[in-house]
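Numbering (the numbering used here), first residue to last: 57 to 552. All residues carry an ideal CB built from backbone N, CA and C; glycine is no exception. Comments concern the structure below.
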């Protein structure tokens, strides 16, 4: 290593001695002593000896390169004449030392121009899935100062991965986990090896090698789930980038005590669903809001001959733009000490829309309601109607009945056709769940006729809900939600 440093410094900083032609002494006339002098004049005076010294600097070591030239040595010379010849003994007095010290950069200086907020940077993050989304997430977090991260993925890097991820040609054939670990350590010098935790290992036999146990958990059984939960003990934020329903279902129920973010993208990267458990069960939320989006399932991409697993079409800039927006929102919310709300990022003619999910709590009950901002905007802009029925509410209920998810609020005129389309697109998940009327005489109230209508629908066996919603438009244009439960309409209150 020192030889390389020495060679580099001589190349960059040395001075090549060029002797004037008239000073040239014929080699035939040089004595041995003269040749030594000539060699020193041309080369020796520019040759340095090097050594490195490490100095403790807090928990770090600062390495300093020292160098010297033999010509800088100062001696005291004592001569002894022993008749046969004169003996000169040199006593070392000093050696002139120079030093080349690299700039000492603190962590604050290294990330000073673009660090994550301290709360997010200090999180122990479990990153599950290192494909197009997960590799970009890892790249952004690493550049921004993350320190403790666990990596899960059972795949290797293939040529088709590179066009829309953060992998490079040199990663081909590596496990995605190993490639991301190497990249993290090449970007962030403040990440200790012990703080980048890869999961999985290579298994070799005579003719085949395979990366095994890199997935978060394999076949669905009790033992695998129990082991997977143990792996999460040291993490306080899970970022799921797998797009797997099974994975998110497992995390939503088995790791509900940990902050969860799940990112999945639709075909052509038209939308990125960033779902968090701040708003309730992530599996139920993603299922409902993904069903709201019309999917171009006929145009998926099948990679490789005989491949049975289609994937979505999207290029790198489309994916990276949406992922970076999601991470920006995560950082802003973490800086305020809270997990971000679920958000659907979508490309539109107006640019990128961040459709944030609002969450409400039913007063006196352990029941929440979720509705997106864009849905509320659509409802606020609907035209008045003579009979007081402005429109209808579509959506779904969670399996345990503790979560109501509104996906559409539509005007009464087009409701039947829109409901039919939504029901077909979602394969029956989205259905009618309530009415949209005017409020009573005061804000956050309802008329007697509205109550009677909702009560009658709760008893109607042809309607697929016993607990319909009532949304009312208040005089100031805002919307208040009620749930029919225990023979009364109970109000939902916004959650922060």
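- Separation of residue 229 and residue 186 (C-alpha to C-alpha, rounded to the nearest whole angstrom) is 14 Å.
- DSSP places residue 245 in no alpha helix (DSSP H); its state is neither H nor E.
- Counting along the chain, the unbroken beta strand (DSSP E) around residue 182 starts and ends at 180-184.
- The criterion of a C-beta distance shorter than 8 Å is satisfied by residue 170 and residue 200.
- Contact between the region 377-384 and the region 511-523 is absent, with fewer than three C-beta pairs closer than 8 Å.
- With a threshold of 16 other beta carbon atoms within 10 Å, residue 459 meets it and is buried.
- For residue 538, DSSP records a beta bridge to 526, 547.
- DSSP, read as helix, strand or coil, puts residue 189 in helix.
- For residue 130, the three-state secondary structure derived from DSSP is strand.
- For a cut-off of 8 Å, the C-beta gap from residue 294 to residue 193 is around 12 Å, too long to register as a contact.
- Fewer than three pairs of CB atoms, one per stretch, sit closer than 8 Å, so the region 400-414 makes no contact with the region 260-269.
- The beta carbons of residue 253 and residue 206 sit closer together than 8 Å.
- Exclusion of the five residues before and after residue 304 leaves 296, 318, 338, 339, 342 as the residues of its chain whose Cβ lies within less than 7 Å of its Cβ.
- Residue 254 carries a strand assignment under DSSP once its states are collapsed to helix, strand and coil.
- Under the Cβ criterion (8 Å, minimum of three pairs), the region 143-152 counts as touching the region 121-135.
- Contact between the region 239-253 and the region 204-222 is present: three or more C-beta pairs spanning the two stretches fall below 8 Å.
- About 6 Å separates the Cβ atoms of residue 251 and residue 203, confirming a contact at the 8 Å cut-off.
- A straight line joining the alpha-carbon of residue 290 with that of residue 431 spans about 38 Å.
- Less than 8 Å divides the Cβ of residue 332 from the Cβ of residue 398.
- Residue 330 counts as buried, since at least 16 other C-beta atoms from the protein chains shown sit within 10 angstroms of its C-beta.
- Rounded to whole angstroms, the gap between the alpha carbons of residue 325 and residue 236 is 23 Å.
- Take the alpha-carbon of residue 428 and the one of residue 483: they are about 21 Å apart.
- Within a 10 Å sphere around the beta-carbon of residue 140 sit fewer than 16 other beta-carbons, which makes this residue exposed.
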